[in-house]
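Sequential numbering from 1 applies to the sequence shown in the working numbering. All remarks here apply to the structure that follows.
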Amino acid sequence: MLAGKSGGDNRSGRNGNDIRLNYKLPKIDFPQFGGENPRQWARKANKYFQLHLIPEELKLGIAEMYLKGKAYVWFHGFLSSHSNADWGLLTTEVYRRFNLVTEEAVDEVLAEGERYGSHADFLGCLNGDYEA
């Protein structure tokens, strides 16, 4: 456990001696998410978790408190079908659900490129509009 001010950190000095760095983080709000800009939301959330030393098992609960609108509704469906979900799975599924094109999605689509009859069909698949 950390002692001292919020955000305290134990680090080893140059000589291997433990030094205590006490500092107070500026007020940093956890980002709200309603379905827009999922990459930016995840990046800011990860930075928040890192700066506040949030343990992995608390990340989903914290994120849930800052979801709104369609993201909040989607999240509860996600949890009902992923009882052992973690932060990594949540962000992957957020990217998928809220139409963020990932490298994996591009690779998957390119691997099956001959299935698409036109450029429009290809782009539709990336956005989740294509039916196999």
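All residues carry an ideal CB built from backbone N, CA and C; glycine is no exception.
Query, Result
"Assuming Gly34 and Ala85 form a contact by the criterion Cβ under 8 Å, report the distance between their Cβ atoms to the nearest whole angstrom.", "Rounded, the Cβ-Cβ distance is 20 Å, inconsistent with contact."
"At what residue ranges does the segment 36-93 contain a whole run of the alpha helix (DSSP H), taking only runs of 4 or more?", "38-51, 59-64, 69-81"
"Exposed or buried, Glu56, counting other C-beta atoms within 10 Å across all chains shown (16 or more means buried)?", "exposed"
"Kindly list the residues whose CB is nearer than 7 Å to the CB of Ile62, restricted to its own chain and excluding five residues on each side of it in sequence; keep chain order.", "Phe30, Ile54"
"If you drop the 5 nearest sequence neighbours on each side, which residues of the same chain put their C-beta closer than 6 Å to that of Phe98?", "Gly35, Pro38"
"Identify, in the order they occur along the chain, each residue of the same chain with its Cβ nearer than 6 Å to the Cβ of Lys44, setting aside the five sequence neighbours on each side.", "Pro31"
"Taking the Cβ atom as the reference point for each residue, do Phe75 and Lys59 lie within a distance shorter than 7 Å?", "no"
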